[in-house]
Amino acid sequence: MKFKSMIAGIAVVYAAPAAMAQDTIKIGLTGALTGPVAGTYAPAVEGLRLYLDGVNAAGGIGGRSVELILQDDGAEPSRAAANSKRFLTQDGVVVMINASLSSTYAPAIAEAKRAGVPLIFSASACPPEVFPPADPNLFCTTGFGPKYDSQAALAFIEATDGTDVQIGFQAMAIPVSRGEIDYAETLAGEMGMTPVAKEITPPPAPDYSPFASNIENAGAEWVWSWAPWVAQVKTFEALRRLGWEGDYVLYSHLEAEGELERIKDAGLYAIGANAMFSEGLPVMEEIASATEAAGSSYEANQMTEGWIAGMVIEAALSAAEDPGDAASVRDALSSVSVDTEGLRGGPLEWTEDNHFRTVQSYRVYRWNTDSGQIETVRDWTSYDVQ
Amino acid sequence: MQLVVNILVLASIYALIACGYVLIYRVSRVLNLAHGELMMLGAYLLVATASGLSNSPVAALLLALALSLVVGGMVYLFLMRRMTGEMVLAAVLTTVALGILLRGLILLIWSASPRHPRDMLGWENPVFTLPGDARISLYAGLLIVSTVVVYGALFLFLRFGRWGMRMRAAGQNPLLAAQRGIRLHAVFALAWGLSTFTGATAGMLIALDSGLDSTMVMIGLKAFPAALVGGLDSLAGALIGALIIAAAEVGVIRFIDPLLADVVPFLVLIVMLVVRPWGLFGTREELDRV
Chain E
277 MKFKSMIAGI
287 AVVYAAPAAM
297 AQDTIKIGLT
307 GALTGPVAGT
317 YAPAVEGLRL
327 YLDGVNAAGG
337 IGGRSVELIL
347 QDDGAEPSRA
357 AANSKRFLTQ
367 DGVVVMINAS
377 LSSTYAPAIA
387 EAKRAGVPLI
397 FSASACPPEV
407 FPPADPNLFC
417 TTGFGPKYDS
427 QAALAFIEAT
437 DGTDVQIGFQ
447 AMAIPVSRGE
457 IDYAETLAGE
467 MGMTPVAKEI
477 TPPPAPDYSP
487 FASNIENAGA
497 EWVWSWAPWV
507 AQVKTFEALR
517 RLGWEGDYVL
527 YSHLEAEGEL
537 ERIKDAGLYA
547 IGANAMFSEG
557 LPVMEEIASA
567 TEAAGSSYEA
577 NQMTEGWIAG
587 MVIEAALSAA
597 EDPGDAASVR
607 DALSSVSVDT
617 EGLRGGPLEW
627 TEDNHFRTVQ
637 SYRVYRWNTD
647 SGQIETVRDW
657 TSYDVQ
Chain F
8 MQLVVNILVL
18 ASIYALIACG
28 YVLIYRVSRV
38 LNLAHGELMM
48 LGAYLLVATA
58 SGLSNSPVAA
68 LLLALALSLV
78 VGGMVYLFLM
88 RRMTGEMVLA
98 AVLTTVALGI
108 LLRGLILLIW
118 SASPRHPRDM
128 LGWENPVFTL
138 PGDARISLYA
148 GLLIVSTVVV
158 YGALFLFLRF
168 GRWGMRMRAA
178 GQNPLLAAQR
188 GIRLHAVFAL
198 AWGLSTFTGA
208 TAGMLIALDS
218 GLDSTMVMIG
228 LKAFPAALVG
238 GLDSLAGALI
248 GALIIAAAEV
258 GVIRFIDPLL
268 ADVVPFLVLI
278 VMLVVRPWGL
288 FGTREELDRV
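Right, here's the structure in full:
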């Protein structure tokens, strides 16, 4: 009898964690949470964490809680690879998320593919594999989209000032940024604009004036900048210090709203896929409340990317036949359709063939010096993703 | 003319940072690889004092500068002092660990969001037009002025100051200096304090001119070639090295290809290491000893 009790006790001790594990759906995120580029990713990761906290507080997915396992890779490929291995071999995650520099993609993609676990890119640049025809295992919720961003930016310049303009370009010396600006330079030429300067700045430059001087000397009337926020905005401010009076279009990264308010320059346009919090939408108030309740060190308006990723994950887990099975979640992701509640210009939809989104929409904002607030210069303009 | 201004501003940034490397190396033969992080910490100290003393901006700036001096001394007293008598490599690796620790702490305390201490202090950054239609912002101009003042003060201090002479003596022959009654730990702590102070001055002025974010740490590393090109144990060398590196970098950006801006300082460094490994004004014997 005593022996039987002991066996039963041991069985309970070992079975309890297994049962608890069954009640948890695990998601692993490798991201640049520290290091020089953390400012681009950490707030988005915080947004995702707050969203999933809300999902758990509301009862989880079918009664199972969602556990977000965060691992810092400091934007280093070796650490991203180690994190991915850990997620897949130790933690048993059903979805992996990458929120880091593009140099970390290759190891994360390889590990996810080997294990058959879907990999979502969130706040990090969408890799070519998520565009049609998409890799079945890779997905991307990030707002900015290579080529479409430049098409939208140049279309905005054309709509504002025509094509008889001298245009300069600014990128950072990282492959994804340079590739986009090379594409933009070619596209501008095809549209009839005159490219006069292309400045590729190192990450980072102690002083952006030498690069800005080149743009000014070339006589650029407009500049299109597609790079991490620091490079975009510091080049602009260096241009202004040099007395340049042209117009500057940059991608509206998560820092954009606070920075437009700080700089207060009507010639600085932010084009992007995410709506700004000056809209005051109900979902934005929800994010702001969650941010305040959590005592987050980041502004609510920097969390949109992470919040949208959370919406997508919740939708996919809810739609999956078995949210605890990676293959089932991947199938659900391949047909997900999420109402972004105004955070984007439309729903985020994925198909078997398209894991970027079927329609990409852009809005342009700037600071209105008369009203003293951010204004929408151009409302949502949509592009079908082919 | 704008080209000259751009060179002078960049050279000032490199020179202010590089003299921190030199001060510690010439006294203790330790390469401080956490200098970029200490520079960034100095800038964040300004953010901290600015948020607490926004009504007294000058006091906030002076307090941040004083704190950076103290932090440098503390780093020596509580960490590097324990490396005394150990291999130089162990001390260098300790600075690497210190850098990683500081980066994490800064992120935990101030987050990764960009900061703008100038706005917090309520200061403007007017732009001045110079002869030749060149333009320079107030804080970029202050970078140049600060470099002149810091180097001038350091030359006078090391040449005529009592503690400056002690620093030189400790650098040339620590054993003899100790036997003559010089308190080596106090001298080393002062060197760390001054080094952090000069780096933090650069960090604060850069932050006041164009903002502060976690990428600043990489700027510290970019100034390292300036110190090596000039000679790691020579302050005059650091100044000339900074001018050479800055002129090469700005020249390449202007006349060849901006993409090479990151490469040029290290290209100049490689050339110098091949031609004159101890640097322009460095001491050959010291290099042999290393």
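These protein sequences, in sequence, are chains E and F.
Going left to right, the first sequence walks through residues 277 to 662 as our numbering numbers them.
Going left to right, the second sequence walks through residues 8 to 297 as our numbering numbers them.
All C-beta atoms in this analysis are idealised placements derived from N, C-alpha and C, irrespective of residue type, glycine included.
Going by DSSP, A375 of chain E is part of the beta strand (DSSP E) stretching over V371 to A375. At least one beta carbon of chain E lies nearer than 8 Å to the beta carbon of H123 of chain F.
Excluding residues up to 5 positions away in sequence, E44, M47, L48, Y51 and S221 lie with their Cβ nearer than 8 Å to the Cβ of I113 of chain F in the same chain. Contacts with chain E at 8 Å (Cβ-Cβ) include R142 of chain F. When only Cα atoms are considered, A57 of chain F and L219 of chain F end up about 13 Å apart. The count of Cβ pairs closer than 8 Å, one atom from the stretch 8–16 of chain F and one from the stretch 432–450 of chain E, stays below three, leaving the stretches out of contact.
When the beta-carbon positions are compared, G350 of chain E and A320 of chain E stay at least 8 Å from each other.
Cβ atoms of A551 of chain E and A532 of chain E stay farther apart than 8 Å, at about 11 Å. By the Cβ rule, the stretch 513–532 of chain E does not count as touching the stretch 254–268 of chain F, because fewer than three pairs are nearer than 8 Å. Interface flag for T102 of chain F against chain E is unset, since no Cβ pair is found closer than 8 Å. Put simply, the stretch 327–337 of chain E does not touch the stretch 381–395 of chain E. Fewer than three CB pairs are less than 8 Å apart.
Below 8 Å, enough C-beta pairs join the stretch 322–330 of chain E and the stretch 582–594 of chain E to call them touching: three or more. Of all residues in the stretch 229–245 of chain F, the ones placed with a Cβ closer than 7 Å to any Cβ belonging to chain E are K229, in chain order. The DSSP assignment places 442–448 and 470–477 as complete runs of the beta strand (DSSP E) inside the stretch 415–482 of chain E, in order along the chain (cut-off: 3 residues). M225 of chain F has a beta carbon lying within less than 8 Å of a beta carbon in chain E. In the three-state scheme derived from DSSP, where H, G and I count as helix and E and B as strand, F164 of chain F is classed as helix. Between V29 of chain F and L239 of chain F, the C-beta spacing is below 8 Å. What P265 of chain F touches in chain E, judged by beta-carbon distance under 9 Å, is A449, K474, E475, I476, T477, P478, P486, F487 and N490, going in chain order. Per DSSP, G289 of chain F lies in no beta strand (DSSP E) segment and is marked neither H nor E. About 6 Å separates the beta carbons of T306 of chain E and N374 of chain E, which is inside the 8 Å limit, making them a contact pair. In the structure shown, the three-state DSSP call for K302 of chain E is strand. Identification of chain F residues near R538 of chain E by a Cβ-Cβ cut-off of 7 Å yields H123 and D126, ordered along the chain. Between W656 of chain E and R642 of chain E, the CB-CB gap reaches or exceeds 8 Å.
If you look at Y484 of chain E, you'll find it isn't in any beta strand (DSSP E); DSSP assigns it neither H nor E. When secondary structure is reduced to three states using DSSP, F85 of chain F falls in the helix class. Here the alpha carbons of Y527 of chain E and E535 of chain E stand approximately 12 Å from one another.
Under the three-state reduction of DSSP output, V37 of chain F falls in the coil class, being neither helix nor strand. With contacts defined as CB atoms closer than 8 Å, I213 of chain F and M223 of chain F qualify as a contacting pair. Per DSSP, the beta bridge partners of G307 of chain E are E:D348 and E:A375. According to the DSSP assignment, D216 of chain F belongs to the alpha helix (DSSP H) that extends over L191 to S217. Beyond the five residues adjoining it in sequence on each side, Y659 of chain E comes within less than 6 Å, by CB distance, of Y424 and Q636 in the same chain, given in chain order. In terms of Cβ geometry, L53 of chain F and L68 of chain F form a close pair [threshold 8 Å].
Judged by their CB atoms, V16 of chain F and I151 of chain F are nearer to each other than the 8 Å cut-off.
Residue range Q649 to D660 is occupied by the beta strand (DSSP E) that includes Q649 of chain E.
Note that the C-beta distance between L40 of chain F and T102 of chain F is below 8 Å. In chain order, Y21, P232, A233, V236, P272 and V275 place their CB closer than 7 Å to the CB of I252 of chain F, counting only its own chain and leaving out the 5 sequence neighbours on each side.
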